[in-house]
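To get our numbering, take the position in the sequence shown, counting from 1, and add 64. Note that the Cβ used here is the ideal one computed from N, Cα and C, for glycine as well.
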Amino acid sequence: DDYCAHGQEVFPAWHRAYLVEFETALRKADRSNGGDGAIALPYWDWVASPELPRVLQEQLAELPRGMFKEDPDANSARSQLAGLGLGGRHSTRRIAANLRASGLPGQVDSCMMVPEHWLHASTRWGRGSSLESPHNSVHVALGWPMTSVAVAAFDPAFWLHHCNVDRIYEGYLQVEPDSADEFRAVQERLSAERGEPNRFMQPLEPFKHPTSGLPFMPGDCFTTEPLGYRYDVLPHRPPPRMSVAPSLCLFMGIDALALQRKSYMVYVFVLPSVAAAEEWAPPGDDPEAWLAAPTFAGAAAVFGGKGSECGNCQTRPPYNVFVDVTEALAKAGVTRFEAEVRVAVVDE
Numbered sequence: 065d066d067y068c069a070h071g072q073e074v075f076p077a078w079h080r081a082y083l084v085e086f087e088t089a090l091r092k093a094d095r096s097n098g099g100d101g102a103i104a105l106p107y108w109d110w111v112a113s114p115e116l117p118r119v120l121q122e123q124l125a126e127l128p129r130g131m132f133k134e135d136p137d138a139n140s141a142r143s144q145l146a147g148l149g150l151g152g153r154h155s156t157r158r159i160a161a162n163l164r165a166s167g168l169p170g171q172v173d174s175c176m177m178v179p180e181h182w183l184h185a186s187t188r189w190g191r192g193s194s195l196e197s198p199h200n201s202v203h204v205a206l207g208w209p210m211t212s213v214a215v216a217a218f219d220p221a222f223w224l225h226h227c228n229v230d231r232i233y234e235g236y237l238q239v240e241p242d243s244a245d246e247f248r249a250v251q252e253r254l255s256a257e258r259g260e261p262n263r264f265m266q267p268l269e270p271f272k273h274p275t276s277g278l279p280f281m282p283g284d285c286f287t288t289e290p291l292g293y294r295y296d297v298l299p300h301r302p303p304p305r306m307s308v309a310p311s312l313c314l315f316m317g318i319d320a321l322a323l324q325r326k327s328y329m330v331y332v333f334v335l336p337s338v339a340a341a342e343e344w345a346p347p348g349d350d351p352e353a354w355l356a357a358p359t360f361a362g363a364a365a366v367f368g369g370k371g372s373e374c375g376n377c378q379t380r381p382p383y384n385v386f387v388d389v390t391e392a393l394a395k396a397g398v399t400r401f402e403a404e405v406r407v408a409v410v411d412e
């Protein structure tokens, strides 16, 4: 089905509804098996712990092959998983290296600092300082199936990851109490001026509110307690501080539709001179080894879409991603005007 909220302001609300629906289903299943239904989805704080949680390494490393079968009437996501396990994740070492290379603490700080909800909520409008940016980085850092929009949710890591994205969103809402009004106003303006659907007024399909049973609406998603949960700890907005503007390697105009279903990790290297850049070559064939190269500056994730059959992907505007190369420039002892940049891209 055509459920896709990426690149839109409704992105965090839709995924909040998704988490609530899944948690409700888990509780119902537990009660039907004789349990008390006291189940809550955990979050994986990949800023504080940028390595794959032990439970995912030891107990949820693979999905049993017998859970899926060939079915000519199945949807495309099920067909992709038929006969496959989840052995496609990157190695634990590579995942940890990718997460650290992605600069997740800085990405989260940046999205927490954005004053407008429409800039915070998705990659659509900003240069990359949105909640969706670290979300994309973690998806791509883990490798398949997390790199596929169509099948990522079959990996248990998806739920721990998205609970943390939701936790960051809740932290933002706590310091930006006008977010619901901003969301409503921006969507009304886009509808009036551009003829776009008013996503604030559209149900978060296919989800139902856990208590009313009515269609889940974006307006239901601005506080967690009526939905039956709250977080023990929320991220804080960093205090204002005087600092030099960062130097960014910016990749502009990424078209999700052109990517089809593919995701990419973009590795950036900073060279001190034209001569050094002309002699440069990727340091070996293993991207994990690139992260230890002295010229390595950082990585960015390009998270693919659902392909040409996705209505949202067809109309989603191009977006930007960036890598902060400030530290790499200082390490090389050059300014951004003197440095040369080389980029290696891996299809994940």
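Counting C-beta pairs with one atom in each stretch, the stretch 327-335 and the stretch 347-360 have three or more that are closer than 8 Å, which means they touch. Taking a contact as a CB-CB distance under 8 Å, the pair residue 386 and residue 280 does not count as one, their CB atoms being some 33 Å apart. In the DSSP assignment, residue 207 forms a beta bridge with 153. When rounded, the separation of the alpha-carbon atoms in residue 162 and residue 177 is 24 Å. Cβ atoms of residue 352 and residue 204 stay farther apart than 8 Å, at about 14 Å. Using a Cβ distance threshold of 8 Å, residue 235 and residue 300 count as a contacting pair. Here residue 327 really is in contact with residue 368; their C-beta atoms are around 4 Å apart, less than 8 Å. Straight through space, the alpha carbons of residue 250 and residue 388 are spaced by roughly 29 Å. A Cβ-Cβ distance of about 6 Å is found for the pair residue 153 and residue 206, placing them in contact under the 8 Å criterion. Around the beta-carbon of residue 247, 16 or more other beta-carbon atoms lie within 10 Å, marking it buried. Between residue 73 and residue 271, the C-beta spacing is not below 8 Å. By alpha-carbon distance to residue 228, the top candidate from 342, 196, 155 is 196. A distance of 8 Å or more separates the beta carbons of residue 174 and residue 201.
In this structure, the alpha-carbon of residue 382 lies about 10 Å from that of residue 322. When DSSP states are grouped into helix, strand and coil, residue 103 belongs to the coil group.
Scanning the stretch 364-404 for uninterrupted beta strand (DSSP E) segments of 3 residues or longer gives 383-388, listed from N- to C-terminal end. Residue 255 sits away from residue 286, with the two beta carbons spaced by 8 Å or more. Per DSSP, reduced to three states, the secondary structure at residue 333 is strand. Around the C-beta of residue 166, 16 or more other C-beta atoms lie within 10 Å, and the residue is accordingly described as buried. In the displayed model, residue 218 falls within a helix according to three-state DSSP. Assignment of residue 116 by DSSP, reduced to helix, strand and coil, places it in the coil class. The C-alpha of residue 292 is placed about 42 Å away from the C-alpha of residue 390. DSSP, reduced to helix, strand and coil, places residue 411 within a strand of the structure shown. Here the alpha carbon of residue 245 sits roughly 43 Å from the alpha carbon of residue 355.
Exposed is the label assigned to residue 319, since fewer than 16 other Cβ atoms lie within 10 Å of its Cβ. For the pair residue 124 and residue 87, the Cα-to-Cα distance works out to about 17 Å.
When the beta-carbon positions are compared, residue 259 and residue 188 stay at least 8 Å from each other.
In its chain, beyond the 5 residues on either side, 173, 176, 177 have a beta carbon closer than 7 Å to the beta carbon of residue 302. Nearest C-alpha to residue 100 among 106, 109, 90, 267: 90. Our two residues, residue 392 and residue 408, have alpha carbons roughly 16 Å apart in a direct line.
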